[in-house]
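Take a look at the structure set out below.
2 protein chains.
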Amino acid sequence: MTTLLSPEELEARLRDVGRRRYHSLHPFHKLLHGGELNFGQVQAWALNRYFYQAMIPVKDSSILARMEEPELRRAWRQRIIDHDGDREGEGGIARWLKLTDGLGLDRDYVTSLRGLLPATRFAVEAYVHFVRDKSLLEAIASSLTEMFSPGIIGERVAGMLKNYDFVSKETLAYFDKRLTEAPRDADFALDYVKRNARTPEQQQAAIRALEFKCDVLWVQLDALYFAYVDPAMPYPGAFVPEAARARQEA
Amino acid sequence: MTTLLSPEELEARLRDVGRRRYHSLHPFHKLLHGGELNFGQVQAWALNRYFYQAMIPVKDSSILARMEEPELRRAWRQRIIDHDGDREGEGGIARWLKLTDGLGLDRDYVTSLRGLLPATRFAVEAYVHFVRDKSLLEAIASSLTEMFSPGIIGERVAGMLKNYDFVSKETLAYFDKRLTEAPRDADFALDYVKRNARTPEQQQAAIRALEFKCDVLWVQLDALYFAYVDPAMPYPGAFVPEAARARQEA
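So the protein lines, in turn, are chains A and B. FYI, in the UniProt record's numbering the residues of the first sequence are 1 to 250. FYI, in the UniProt record's numbering the residues of the second sequence are 1 to 250.
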């Protein structure tokens, strides 16, 4: 079972994780990209994913703090710069808030996290804790979902622009940037994992780390699907699209 | 909004959290207790909840490690003794494994956690991290769901014995013990919270901690409901009742 793979075989195994488990396969994404969600459901997606976006530089700072070589830190710190920007209003988090603005969500409400689904919070925090508690190799390997993101982003932007009159090229600007940032980041991380996973155990740990990260993304969509697409029960305290609309109209 | 409550008012607010958000209200529990789940669905419940049970003494050890007074530690350590027992085969975790045994689940498979739903893992780990990272007051307040457990346990044991021929008084022995342990533990924790939540902010934090814990329990049932009662999609790697049965028959 655990034989030593060549770097190329390891890469193939990692790519296979994406083919089997990346959240592009989730029914919620098919509905999102196919134009089958209503305004409130798209709001719920953007609102919940805000927390994921906001925690990305926190998890990257945690990884940065564990890197002992300046060369590694120099490459990794760019991720933090990309998400936080150089000043207020710039960077990936700010671009995500332009999306939630564009969807008519009150910015204070979004950033307060009050309307977050608990499962979103638990999944995102699991990611933050994972990169702090596991080996550096596993922490870096867990970022490799970025290998799979250009495909889904292309599909998302095209699908959402075509199907929803409440989004625009401007409100989706976050994704444009990611189309260049993610492949650069993924190349670096993949190269690191291929060079540093030198035992069968390390290679399996890297594969499991990527599976874990796929779970983190998948569970967030499960939570959205079952709270907003096919709800069996209300979630105490979570965002309610109608109430949000009433609040804005008030 | 945040005025200082009397200890009795604080207790009433805490009890109100249970009335609104305790997992006794969850549709999955109504199905479980009403005999409306099939064998595989009850297996999935016992298998997933095993991880919660197994982590209880871990989270209590974390709380113990933060108590600076011998008097507090003397009371709290009993929780760990109750769950771990004095020797192999005793204590709450062992009693939970008698339930999974009785449901025909392979013990190595259960304890390997391989079949766990990711949302179960994230929710339970969120609890472990919460008691480590938040104030001691909040950590103790998060245990107060035990105030509400005697009611649900009575309902569960009666309902399951009446409705399922695959459970027995012996396999449900875990719950008998909890009927005496939980009220004793809850009394101590409630008294601590009432005495130590001395500012409006501390009182609100204690209420929020109990709401958080209700979310931890609720999300576990959401995950079971949507994976095993009303599934929209398979969960890669998670327990599949049929496959488990085939494995045992092989």
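C-beta atoms are modelled at their ideal positions from N, C-alpha and C, and glycine is treated no differently.
query = Quick one: does A/His-83 have its CB under 8 angstroms from some CB of chain C?
reply = In the structure shown, chain C cannot be found, because the protein chains are A and B.
query = Assuming A/Leu-4 and A/Pro-200 make a contact with CB atoms under 8 angstroms, what is their CB distance in whole Å?
reply = 5 angstroms
request  = Just the C-alpha distance for B/Arg-21 and B/Ala-141, rounded to the nearest angstrom, thanks.
outcome  = 15 angstroms
key: A/Ser-143 classed as buried or exposed, judged by whether at least 16 other C-beta atoms fall within 10 angstroms   = buried
query = Any C-beta of chain A sitting closer than 8 angstroms to the C-beta of B/Val-219?
reply = yes
task = Tell me where the alpha helix (DSSP H) around A/Ala-209 begins and ends.
result = 200-224
ask   = Taking B/Arg-132 as the reference, which of B/Arg-66, B/Asp-215, B/Glu-8 and B/Asp-230 has the closest Cα?
value = B/Arg-66
request  = Classify B/Thr-2 as buried or exposed, calling it buried when 16 or more other Cβ atoms lie within 10 Å of its own Cβ.
outcome  = exposed
query = Taking 8 angstroms as the CB-CB limit, is A/Ala-123 close to chain B?
reply = yes
message = Checking 8 angstroms against the spacing of the C-beta atoms, do A/Ile-63 and A/Ala-139 come in under that value?
response = A distance below 8 angstroms separates the beta carbons of A/Ile-63 and A/Ala-139.
inquiry  = What does the alpha-carbon distance come out to for the pair A/Arg-114 and B/Phe-175?
reply    = 35 angstroms
query = Along the region 100-130 of chain A, what residues have a CB closer than 7 angstroms to any CB found in chain B?
reply = Residues Pro-118, Ala-119, Phe-122, Ala-123, Glu-125, Ala-126 and His-129.
key: Proximity winner among B/Glu-11, B/Val-219, B/Met-160 and B/Ala-12, relative to B/Phe-122 (alpha-carbon distances)   = Cα-wise, what sits closest to B/Phe-122 is B/Val-219.
ask   = Can you give the Cα-Cα distance for A/Leu-117 and B/Ala-119, rounded to whole angstroms?
value = 12 angstroms
message = Just checking: is the beta-carbon of B/Phe-226 within a distance shorter than 8 angstroms of some beta-carbon in chain A?
response = yes
query = For B/Met-160, which three-state DSSP category applies?
reply = DSSP places B/Met-160 in helix when its eight states are reduced to three.
task = Flag A/Arg-132 as yes when its Cβ comes closer than 7 angstroms to any non-hydrogen atom of the ligand GDP, and as no otherwise.
result = As far as ligands go, the structure on display features none, and thus does not contain the ligand GDP.
message = Less than 8 angstroms between CB atoms is the rule here; does B/Arg-245 satisfy it with respect to chain A?
response = With a pLDDT of 49 at B/Arg-245, under the threshold of 50, the modelled position of this residue cannot be trusted; read the value that follows with caution. No, its Cβ sits nowhere closer than 8 angstroms to a Cβ of chain A.
key: Residues that A/Ala-232 contacts on chain B, provided the C-beta gap is smaller than 7 angstroms   = Pro-27, Tyr-225 and Asp-230
Under 7 angstroms by beta carbon: chain A residues contacting B/Asp-215 = Pro-118
query = Would you call the CB atoms of B/Phe-166 and B/Phe-28 closer than 8 angstroms?
reply = Going by C-beta atoms, B/Phe-166 is not nearer than 8 angstroms to B/Phe-28.
message = Helix, strand or coil for B/Leu-117? Go by DSSP, reduced to three states.
response = coil
query = Taking the continuous alpha helix (DSSP H) assigned at B/Pro-7, which residues delimit it?
reply = Boundaries of the alpha helix (DSSP H) around B/Pro-7: 7-21.
query = Beta carbon of B/Thr-145, beta carbon of B/Leu-217: below 8 angstroms?
reply = Yes, they are a contact pair.
ask   = So with Cβ pairs under 8 angstroms, would you call A/Asp-191 a contact of chain B?
value = no
ask   = So, helix, strand or coil for A/Leu-105, using DSSP?
value = coil
ask   = Mapping DSSP to helix, strand and coil, what is A/Ser-24?
value = helix
ask   = Could you check where the alpha helix (DSSP H) with A/Pro-188 kicks off and where it finishes?
value = According to the sequence displayed, residue 188 of chain A carries Phe and not Pro. Per DSSP, A/Phe-188 belongs to the alpha helix (DSSP H) from 173-196.
task = Report yes or no: is there a C-beta of chain A within less than 8 angstroms of the C-beta of B/Asp-222?
result = The beta-carbon of B/Asp-222 is placed less than 8 angstroms from the nearest beta-carbon of chain A.
ask   = Does DSSP put B/Phe-51 in a helix, in a strand, or in coil?
value = Reduced to three states, the DSSP call for B/Phe-51 is helix.
ask   = DSSP on A/Asp-230, reduced to helix/strand/coil?
value = coil
query = When DSSP labels each residue in this structure, what does A/Val-167 get in the three-state scheme?
reply = Correct three-state label for A/Val-167: coil.
inquiry  = My output table needs one value for A/Gly-85: the three-state DSSP class, helix, strand or coil.
reply    = coil
query = Is there contact between the region 40-57 of chain A and the region 90-109 of chain A, where contact requires at least three CB pairs shorter than 8 angstroms?
reply = yes
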